[in-house]
Every structure is written in structure tokens, then in C-alpha cells.
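Asks: Add 1089 to a position in the sequence shown, counting from 1, and you land on the number used in the working numbering. Got a structure for you, questions after.
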Amino acid sequence: DAEIKSAYRKLAMKHHPDRNPGNKESEVKFRTINGAYEALSDPKKRKLYDQYGEAGVNQGAGGGFGGGRGFEGFGQGVDVNEVFGDLFENMFGGHGGHGGQGGRRRAARGNDLKYETTVSLEDAFKGVQLPLHFQRVESCGTCRGSGAKAGSGVKRCTQCRGSGRVQVSQGFFAMSQTCPQCGGEGQIVENPCKDCRGQGRVRKEAELKVKIPPGIYHGATLRISGEGEAGPRGAQAGDLYLEVHIKPDPRFERHEDDLSVGASVDIATAALGGTTTVPTIDGEPVTVKITHGTQAGATLRVREKGMPKLHGRGRGDLLVHIKVEVPRDLTAKQTELLEEFRKTLHDDQAKNGGVFGRIFGKD
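Right, dumping it as C-alpha cells:
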């Protein structure tokens, strides 16, 4: 239904491989989420899940699927129950899970943070280390994240008996949701810390140096593990995601790992051949050979003068787009020489534009 689809989309977007390049854990979890969504969307599989939990879907619940295929990713370090719990949490706003899944609650993870930064093309070429200033929730230094005043402690919640969850019925589901008394903590602070008011966390200004790798793409997102907000009661911190934007460069255009640049040559060089000098992203100009008869709009390739390949070896190429400059003002001598040259052209060449027609880009 719509709730399942909405919850699936949120989790799939969070763990999509394109948003987590090189993160094998997210890649496996993404596949497992797809399997969980498939189970909840299929009436037969969902019925088995309601009866037997993930075992009903993954193992066929004693032949329900005839030993059919379960979830991709299961057994590869991904907790399928956790995936179902995340789906239900997104659907119903609590710490969801399948009825009958006992045990102590999983400690809530700190929130992820997302920021954006903009760098120049030169910085994207070389790589750069940027200072990032931001606010985040950190563990309280006074109570060391416990939330309790020095000399006091915490007691187990009597309503959930320390699990952080209570069982409720919702339709034909037996749902496990956040305990309203302790807020899912499983414990209650008797004498709260004054600095954090019993929360165990405080908001602070943070500074972090983030390394932008050479060859970074426009729109790429970097994941800095553990640099998000602190988790409650010493739980795992969230991650920080930094989306990188690259400012347009007045000289170069980027095409994946290749760069392109324009180069103007005069008529004589285009017709007779010669050389021209073009800038490069690393600051060292290169000399490019112009063969005789080079046409306007021709593209020359200079190997290994583009952007570095992200997390790889080598560089892209520099593509040089040739533009032939047509002089607006000619001296008397230049005019005389061009007139003499035109007389040497055959009539059929003149009708078709000849060498000048090709150089000037005419049809």
C-alpha cells in the first residue's frame, strides 16, 4: 500500500549505492530493503511474515514458498529484522518490528547530518582539505552522556521493563512501538544533569576538516562516518554527508574525466599547419600541433591532460576545439596576396567554397 511504498522509498534513497559510493554495507542493505519491500508488497509473503517473521520469507516457513529465494544480502552482516523494523518505523512512527520479536531494544543511532560546499575546478583537480563549521548535538561532557547528575543514576522503566518498547495491536499486526513513558530509552533519569537537562546531549558548534579527493564530481556526496549527531546514552553517532558542487570555470568545460578548451588559430596556420598553445588545468600550457587543412570546429585530443580519475589511476584527456579567426581588417599587402591566391583556385573549388569555405565553416 501507499504507506509501505513511502517507507520503502525513504530507506532505498538513504542506502542507494549512488549515494554511498564504495560503501559495501549500504549496497548489501539496499538489496535487503528491496527484498523486504517485495515481501510486504506480496500478500502471500506478507502473510508468512506476519506468522513466522523473516524466517517465513527467507526460508519458506516449512515449505510455504517451496524453498524459494529469500532476501539478497541476508547472512552478509545485515539484520533482516532490523530492515523490517526500519520499514515499520517509517510507516507508523515508532520503533517498529514484527510481533513476537522479543529482546532489548536496539540503541537509537544519532541523526545523520547533511551539508553542501562549493569548490573551484582547480580544487576538484588537485583535491583540497576544507574546514567545515556547523552545529550538531554532542554527548554532554558533564554527565558523560548519561543524562544523570553526578552521584545519581538511572532506573529501569517500569512500563516497558527496560526494553524501550511496548506491544500494541494495530489491525492484524502485533506491533512493537516506542514506550511513551521513557521515550524508548528503556530507563528513566532520577536526578537530571542540569547542563543537558537529562538528555545526555547538548548542541555545540563543531569544526571538521573534510578532505575533498582529486577528481571529485559535481554533485558527489562524501560520507564522513561517525561525524553526525551523538546517539542517546552513548549510542552510535550518526554520519555526516557533504554534497560537493563545482563552480563553472571560465576556461574549461568538464565532461566526466575529460576537459574541453577552445583555441583560436589564424587562417594561414589552419591552411598551412603550425602550432598553437593552450592552457591546462594543472597550470602548464601545452603546444598543440595543427595539421595543414585543419577545419573550423575540429577537435584535437591531448592525452592525460584532463581531470584525475576519482579513486583510480591516470587522468582524462584535454579536448581542444579549433576556431579559425577571420581577420576583419586587412592591409593592402594582405589583400593583394589573398586576391592572388583566389585567382589560383579552380572554378569548381570556388563554387563549393574551396579551402576558405571549409576554414570559415560555410556550407
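Don't be surprised by glycine CBs; every beta carbon is placed ideally from N, CA and C.
1. Grab the span of the beta strand (DSSP E) containing A1454 for me, first residue to last.
2. Can you check whether the CB of G1289 is closer than 8 Å to the CB of C1232?
3. Give me, in chain order, the residues of the same chain whose beta-carbon lies closer than 6 Å to that of E1393; leave out the 5 immediate sequence neighbours on both sides.
4. Identify the residues that DSSP records as bridge partners of V1217: which are they?
5. So, P1303 versus A1237, is the Cβ gap smaller than 8 Å?
6. So, is M1396 buried or exposed, given that buried needs 16 or more other C-beta atoms within 10 angstroms?
7. Can you list, in chain order, the residues of its chain whose CB lies under 6 Å from that of E1318, leaving out five sequence neighbours each side?
8. Assuming K1412 contacts S1353 (C-beta within less than 8 Å), just tell me the rounded distance between them.
9. Since E1332 contacts G1315 with CB under 8 Å, what's their CB separation in whole angstroms?
10. Any contact between the stretch 1339-1346 and the stretch 1244-1260? By contact I mean 3 or more CB pairs, one from each, below 8 Å.
11. Over what stretch of residues does the alpha helix (DSSP H) that includes A1360 continue unbroken?
12. Between which two residues does the alpha helix (DSSP H) holding K1378 run?
13. How would you call S1209, buried or exposed, if buried means at least 16 neighbouring beta carbons within 10 angstroms?
14. Once DSSP output is grouped into helix, strand and coil, what is the label at T1366?
15. G1362 and I1379: beta carbons closer than 8 Å?
Replies: In terms of the structure at hand:
1. Outside the shown range of the chain, which is 1090 to 1452, sits residue 1454, and nothing can be said about it.
2. In the sequence shown, the residue the question calls residue 1232 occupies position 143. In the sequence shown, the residue the question calls residue 1289 occupies position 200. A contact, by the Cβ cut-off of 8 Å.
3. To locate residue 1393, count along the sequence shown from 1; it is residue 304. Apart from the 5 residues on each side of it in sequence, E1393 sits with its Cβ closer than 6 Å to the Cβ of R1404 in its chain, given in chain order.
4. The count along the sequence shown starts at 1 and reaches residue 1217 at position 128. According to DSSP, V1217 bridges with I1301.
5. To locate residue 1303, count along the sequence shown from 1; it is residue 214. To locate residue 1237, count along the sequence shown from 1; it is residue 148. Not in contact: P1303 and A1237 (Cβ atoms no closer than 8 Å).
6. For the purposes of this step, residue 1396 is taken as residue 307 along the sequence shown, with counting starting at 1. Flag for M1396 reads buried.
7. Indexing the sequence shown from 1 puts residue 1318 at position 229. Around E1318: G1199, N1200, R1225, V1226 and G1327.
8. Here the question's residue 1412 lines up with position 323 in the sequence shown. Here the question's residue 1353 lines up with position 264 in the sequence shown. Right, their Cβ atoms sit about 5 Å apart.
9. Taking the sequence shown and counting its residues from 1, the one referred to as residue 1332 is at position 243. Taking the sequence shown and counting its residues from 1, the one referred to as residue 1315 is at position 226. Actually they are not in contact, since the Cβ atoms of E1332 and G1315 sit about 18 Å apart, beyond 8 Å.
10. Segments in contact, no.
11. Here residue 1360 refers to the residue found at position 271 of the sequence shown. Counted as a single uninterrupted DSSP element, the alpha helix (DSSP H) harbouring A1360 occupies residues I1356 to L1361.
12. For the purposes of this step, residue 1378 is identified with residue 289 of the sequence shown, where counting begins at 1. Element bounds for K1378: not the alpha helix (DSSP H) but the beta strand (DSSP E), V1375 to I1379.
13. The residue labelled residue 1209 in the question sits at position 120 within the sequence shown. S1209 is exposed by the Cβ-count criterion.
14. Start at 1 with the first residue of the sequence shown, and residue 1366 comes out as number 277. Strand at T1366.
15. One-based indexing of the sequence shown puts residue 1362 at position 273. One-based indexing of the sequence shown puts residue 1379 at position 290. Yes. Within cutoff.
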